[in-house]
Amino acid sequence: MDQSLIRNFSIIAHIDHGKSTLADRLLQITGTISERDMQEQVLDDMELERERGVTIKASAVRMTYTASDGQTYEMNLIDTPGHVDFSYEVSRALQACEGALLVVDSTQGIEAQTLANLYMALEQDLELIAIVNKTDLPAARPDDIAQDIEELIGLDALDVIQVSAKTGSNVEQVLEAIVRQVPPPKGDSSAPARALIFDSHYDSYKGVVAYVRVVDGVFHKDDMLRLMSSGADILPIELGIFSPNMRPVASLSAGEVGYIATGLKTVRECRVGDTVTLYHNGAAKPLPGYKQAKPMVFAGFYPSDNDDYDDLRDALEKLQLNDASLVYQPETSQALNFGFRVGFLGLFHMEIVQERLEREYDLDVLATAPSVEYQVLLRSGDVFTITSPAELPDESTIEEIREPWMVIEVFTPEDFIGPIMDLVTGKRGEYISMEYIDRTRVLLKYKIPLAELIVDFYDRLKSGTRGYASLDYHFDEYRAENLVKLDVLVNKQPVDALAMIVHEDVAYHKGQRLVSKLKRLIPRQLFEVPIQAAVGKHVISRANIKALRKDVLAKCYGGDVTRKKKLLEKQKKGKKRLKMIGNVEVPQEAFMAVLRLDDDD
Numbered sequence: 008m009d010q011s012l013i014r015n016f017s018i019i020a021h022i023d024h025g026k027s028t029l030a031d032r033l034l035q036i037t038g039t040i041s042e043r044d045m046q047e048q049v050l051d052d053m054e055l056e057r058e059r060g061v062t063i064k065a066s067a068v069r070m071t072y073t074a075s076d077g078q079t080y081e082m083n084l085i086d087t088p089g090h091v092d093f094s095y096e097v098s099r100a101l102q103a104c105e106g107a108l109l110v111v112d113s114t115q116g117i118e119a120q121t122l123a124n125l126y127m128a129l130e131q132d133l134e135l136i137a138i139v140n141k142t143d144l145p146a147a148r149p150d151d152i153a154q155d156i157e158e159l160i161g162l163d164a165l166d167v168i169q170v171s172a173k174t175g176s177n178v179e180q181v182l183e184a185i186v187r188q189v190p191p192p193k194g195d196s197s198a199p200a201r202a203l204i205f206d207s208h209y210d211s212y213k214g215v216v217a218y219v220r221v222v223d224g225v226f227h228k229d230d231m232l233r234l235m236s237s238g239a240d241i242l243p244i245e246l247g248i249f250s251p252n253m254r255p256v257a258s259l260s261a262g263e264v265g266y267i268a269t270g271l272k273t274v275r276e277c278r279v280g281d282t283v284t285l286y287h288n289g290a291a292k293p294l295p296g297y298k299q300a301k302p303m304v305f306a307g308f309y310p311s312d313n314d315d316y317d318d319l320r321d322a323l324e325k326l327q328l329n330d331a332s333l334v335y336q337p338e339t340s341q342a343l344n345f346g347f348r349v350g351f352l353g354l355f356h357m358e359i360v361q362e363r364l365e366r367e368y369d370l371d372v373l374a375t376a377p378s379v380e381y382q383v384l385l386r387s388g389d390v391f392t393i394t395s396p397a398e399l400p401d402e403s404t405i406e407e408i409r410e411p412w413m414v415i416e417v418f419t420p421e422d423f424i425g426p427i428m429d430l431v432t433g434k435r436g437e438y439i440s441m442e443y444i445d446r447t448r449v450l451l452k453y454k455i456p457l458a459e460l461i462v463d464f465y466d467r468l469k470s471g472t473r474g475y476a477s478l479d480y481h482f483d484e485y486r487a488e489n490l491v492k493l494d495v496l497v498n499k500q501p502v503d504a505l506a507m508i509v510h511e512d513v514a515y516h517k518g519q520r521l522v523s524k525l526k527r528l529i530p531r532q533l534f535e536v537p538i539q540a541a542v543g544k545h546v547i548s549r550a551n552i553k554a555l556r557k558d559v560l561a562k563c564y565g566g567d568v569t570r571k572k573k574l575l576e577k578q579k580k581g582k583k584r585l586k587m588i589g590n591v592e593v594p595q596e597a598f599m600a601v602l603r604l605d606d607d608d
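With this note's numbering as the guide, the letters of the sequence shown map in order to residues 8 to 608.
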């Protein structure tokens, strides 16, 4: 294909502003998908995406469109997620494009993730096309929102395209704007071949399938290829394009987006951000890759059956190929045996990964309460990071513990400023600024510890503002705080998976709440089970789960009382022996109770 007739673009927006529906209409208008095969959110092919109505993975598709100038253009669309936890997916997708469609909901206006994704697109120096969507709704204010966009990025309000992706109204104008405004790719088709891997997945027949954007040169299906950072040499099984299903082609040339089925069976050799070149006469210098995503939230994943440990490791390895922001390493727990410490970009990301492990790999996984990465300064002057409270050294050796703080931006109607301020100050937040975006909407900025943000902040923000507020956040700094380790003992045994690091001021309150919750959640045994919360050697709260009493007198229908006493005495001795060797099973709900300590009982 002539490079001047190629257009590579992405769709970016806040969550639920209609990206996937707009992608559906573009596929329909260009005839990429027949009416018979058409379904809603056709690019969201993961069962979990369709169920939750959110895009989790960026997905690519090639369309051909004959414009009003009579030329036929090849259009490569990359649909991206909108949720803040998947912004890493967005940044990777944008590096494979020259333009971006910025979609804004005409009823909700500019939201937190609209801005975050907009700044990402501007950093990549992409050509922006602004679109106001959902103009068919009764509450739509397309002209007002177009004006807001003009004030935000200086784009003339008259150039903002007003569409309804649901009905297809005015969507053709979007395709014409892409042809006119998005520049063609700049690569050199005569230079040594280079392609950037922007995503991948594992196929049991084709091995690792790498999604590539060809920057320079031409790849043919018989060419021997080399992955530049891992040094792996491969003869690809096939080259192809997404239309939207995988369709093999004979070659991929500069400017095109497609896939290479590598046949590799191990994930480590094919990384997202690597450069693919030819084995013979290949490029000397790789393309600039991606900045590695830094996990923010860590949790322990343990198989409920220890025999599934190897299966869990294989599943995490395959998921990591599809999700480059996922990191994991083996860990052991006294309570839960062997498992993995897994790092995520946020709580929603963790939820999705756990659900994918259970659905796609048929594993029963027990997750511990999430924690963040702390920096520990020892009295010796050494500094190291920990991702689990169990890794905290003896308190006598610690000089200070530093926790990560984030800058958060909350968009909200002015009516909800009070509840938001109450929520943030209750979470140890610090006020930075407040500015009016328009007559009724406000942007609030705060600093807040990440440990307070990950637990239930988003849920309480949404419920306190009736769903109108939106949130974006980014890392600010590590800050030394008065933090202590809160241990939980069940039947006098410390359960490392329930330990948490908390601020000293709230340790007593949290310990008391946690003990009360666990008392309700841990099932009764045939012996009394004490539950204790302790800071260091001081027990700050205790509750007993009463013994479950078996009715040993059921078979006594009267008779001498000494017979009954004898049976009860025998039961007492049995319980004593049970208590000595008794193992208490702690259910999954107990590990997640840590997340809901601030709920009103």
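Each residue gets a CB set at the ideal place from its N, CA and C atoms; glycine is no exception.
Per DSSP, the unbroken alpha helix (DSSP H) holding L430 starts and ends at I424 to G433. A Cβ-Cβ contact shorter than 8 Å links P192 with N15. Residue environment for I439: exposed (fewer than 16 other C-beta atoms within 10 angstroms of its C-beta). F423 places its beta carbon 8 Å or farther from that of T392.
Inclusion of V491 and V509 in the CB contact set at 8 Å is warranted, their separation being smaller than that value.
In the structure shown, I204 adopts extended strand secondary structure according to DSSP, grouped into three states. In the structure shown, S236 adopts coil according to DSSP, grouped into three states. Counting C-beta pairs with one atom in each stretch, the stretch 220-240 and the stretch 303-313 have fewer than three that are closer than 8 Å, which means they do not touch. In this model, I267 and T284 are separated by some 12 Å (Cα to Cα). For I538, the beta-bridge partners assigned by DSSP are V497 and A550. Each residue's CA atom was taken as its position, placing L326 and Q154 some 43 Å apart. If you check the CB distance, T404 and S378 do not come in under 8 Å. Non-local C-beta neighbours of L162 in its own chain, meaning closer than 8 Å and more than five positions away in sequence, comprise L135, A137 and I156, ordered along the chain. Contact between the stretch 69-76 and the stretch 214-221 is absent, with fewer than three C-beta pairs closer than 8 Å. For G543, no alpha helix (DSSP H) run applies, since DSSP gives it neither H nor E.
Under DSSP, Y72 takes part in a beta bridge, and its partners are Y80. Taking M235 as reference, the option from E276, A506, T79 and H21 with the minimal CA-CA separation is E276. For the stretch 444-506, the full-length alpha helix (DSSP H) segments reaching 4 residues or more read 457-471 along the chain.
Here the alpha carbon of P190 sits roughly 10 Å from the alpha carbon of Q10. Just so you know, the alpha carbons of G262 and H21 end up roughly 28 Å apart.
Our two residues, V349 and L323, have alpha carbons roughly 9 Å apart in a direct line. Spatial neighbours of F482 in its own chain (CB-CB distance under 7 Å, excluding positions within 5 residues in sequence) are listed in chain order as P411 and M413. Annotation: Q78 to I19 spans about 27 Å, alpha carbon to alpha carbon.
Between the alpha carbons of K454 and A202 lies a distance of about 40 Å.
Within the same chain, Cβ atoms closer than 7 Å to the Cβ of L242 are found at M231, the five residues on either side in sequence being excluded.
Bounds of the alpha helix (DSSP H) holding Q120 are A119 to E130. Secondary structure in the stretch 345-396: the beta strand (DSSP E) runs of 3 residues or longer, each lying completely within the stretch, are 372-374, 381-385 and 390-393 in chain order. Under the three-state reduction of DSSP output, Y286 falls in the coil class, being neither helix nor strand. If you draw a straight line from the Cα of I248 to the Cα of R254, it is about 5 Å long.
For S17, the enclosing beta strand (DSSP E) stretches over residues I13 to A20.
Residues of the same chain with a CB within less than 7 Å of the CB of S250, apart from the 5 flanking positions on each side, are T39, V68 and R69 in chain order. Secondary structure at D281: coil, using DSSP grouped into helix, strand and coil.
Between I538 and V497, the C-beta gap is smaller than 8 Å, which places the two residues in contact. Ranking L133, L144 and M357 by CA distance to the CA of T375 puts M357 first. Per DSSP, the beta-bridge partners of T339 are F345. I408 is a Cβ neighbour of Y381, given a cutoff of 8 Å.
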